[in-house]
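Here's the structure we're looking at; comments come further down.
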Amino acid sequence: MLPSVLRCARPVSTALAFSRPLAHFRPHMDPDPSRPVERAIRTKLTGSLKPEHLEVHNESHMHAVPPGSESHFRVLVVSPQFEGLSLIQRHRLVNEALREELSSCVHALAIQAKTPQQWGSNPSLAKSPACMGGSRGDHTVEEKLKAGRE
1441 MLPSVLRCAR PVSTALAFSR PLAHFRPHMD PDPSRPVERA IRTKLTGSLK PEHLEVHNES
1501 HMHAVPPGSE SHFRVLVVSP QFEGLSLIQR HRLVNEALRE ELSSCVHALA IQAKTPQQWG
1561 SNPSLAKSPA CMGGSRGDHT VEEKLKAGRE
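Numbering (our numbering) for the sequence shown: 1441 to 1590.
Structure representation (structure tokens):
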């Protein structure tokens, strides 16, 4: 358990957060070595599903988490392995590939799992809604954010 926790932890750098506000708009097949959870997600999905197209978006910045967090993701996976499978079966394959991350450091994962034919007819990525402030009732959020900056 400790190695997976350590892989999920990363130093917080406010300078990095402010100097790269659009870092999540990178070329989608190019893993960023400074983002270990994102890199693990890309590696595992590529290895298990052999996608023709893969996008991994870190949406943590849209939530009440410390800068530099890797806890909320959206993935688009286009794979021939999805042919003939129901949507729930496709999601189960993605969840199985990312079992370790989902049980440790990834809090939320939005999945779009398409066949190459579906992707060809509609090559778009859904957008996530704005955070509805799920932490509003958590009066320790300010302390957590402050601790994340230290």
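Glycine residues also receive a C-beta, built at the ideal position from the N, C-alpha and C atoms.
In the DSSP assignment, find the alpha helix (DSSP H) that holds residue i and state where it starts and stops.
i       : result
Lys1567 : Unbroken run through Lys1567: none, as it is neither H nor E.
Lys1484 : 1476-1489
Pro1556 : 1556-1561
So what does DSSP say about residue i, is it helix, strand or coil?
i       : result
His1501 : helix
Glu1492 : coil
Pro1451 : Since pLDDT at Pro1451 reaches only 42, below the 50 mark, its modelled position is unreliable, and no value is offered.
Exposed or buried, what is residue i when buried is set at 16 or more other beta-carbons lying within 10 Å of its beta-carbon?
i       : result
Asn1535 : exposed
Glu1541 : buried
His1547 : exposed
Ala1566 : exposed
Pro1491 : buried
Ser1500 : buried
Note to self: If we require 3 or more residues per run, which beta strand (DSSP E) segments fall completely within the segment 1511-1538?
What the structure shows: 1512-1518
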